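The numbering of the sequence shown is our numbering, which starts it at 2 and goes up by one.
Notes for the one structure printed next.
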Amino acid sequence: MPKEVYLKDNTLITSKTDLKGHITYGNADFACFSGFSEEEFLGQPHNLIRHPDMPHIAFKVLWDNIQHGREFFGFVKNLSKQKNIYWVFANITPSFDEHNHIIGYYSVRRRPSKEGVAFMSDLYAKLRAAEAQGGMHASLELLTHILQEAHTSYDELVIELQNTALTKGYHQ
2 MPKEVYLKDN TLITSKTDLK GHITYGNADF ACFSGFSEEE FLGQPHNLIR HPDMPHIAFK
62 VLWDNIQHGR EFFGFVKNLS KQKNIYWVFA NITPSFDEHN HIIGYYSVRR RPSKEGVAFM
122 SDLYAKLRAA EAQGGMHASL ELLTHILQEA HTSYDELVIE LQNTALTKGY HQ
């Protein structure tokens, strides 16, 4: 029976990937929460820890940002090797060489806000339902509509969800 595991306030899960998303580095927190040893995760696709509740559109938004040299922030539900669930607030940035070419990606994940997890869990369920009905196009249309109705961008939404809880002084 899967259980939910919570990050501590001082947890920083870090990893690096190549251009195709294969893991080239993971710290001790990555190994601890993923449940995979370094030998098991190095060279593997980072989606090794992807939870099936995550909508595909979330990763399209992620890749669209980082492949264009922009950073990405988001709430991500992960699944460990032992089938434990853990949510993170992720910041993913491209890594550049001396000629300003992207050579890989660096990700730092920390404890997410309780409000962010609740909101995004509901949103992700709606996006997955849209994907089941009409594919990623339907999911993108729904996400765009929700953001327009809220007069915000995806980045503004997730940063606000994370920061609001931080200013209140509590987390999940």
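For each residue, glycine too, the CB sits at the ideal point set by N, CA and C.
Note that this is a predicted model, so its numbers are computed, not measured.
Problem - Nearest to Glu39 (by Cα), restricted to the options Thr15, Leu20, Arg112, Lys61 - result: Thr15
Practice task
Could you please give the first and the last residue of the uninterrupted alpha helix (DSSP H) stretch that includes Phe37?
Solution key: From DSSP, Phe37 is part of no alpha helix (DSSP H); its letter is neither H nor E.
Practice task
Report the rounded CA-to-CA distance for Leu20 versus Asn48, giving the unit in angstroms.
Solution key: 14 Å
Handout entry: Cut-off 6 Å between Cβ atoms - residues of its own chain near Asn28, not counting five sequence neighbours on either side
Key = If we look at Asn28 and ignore the five residues flanking it on each side, its Cβ neighbours are Thr15.
Exercise for the section: Would you mind listing the beta strand (DSSP E) stretches within the region 14 to 88 that are 3+ residues and don't spill past its ends, in chain order? Expected result: If you keep only unbroken beta strand (DSSP E) runs of at least 3 residues inside the region 14 to 88, you get 14 to 18, 24 to 27, 73 to 80.
Exercise for the section: Look at the alpha carbon of Thr25 and the alpha carbon of Leu63, and state the distance between them as a whole number of angstroms. Expected result: 19 Å
Handout entry: With 16 other Cβ atoms within 10 Å as the buried cut-off, status of Ala91
Key = Looking at its Cβ environment, which holds 16 or more other Cβ atoms inside 10 Å, Ala91 is buried.
Problem - Cβ pair Ile103, Ser96 closer than 9 Å - result: yes
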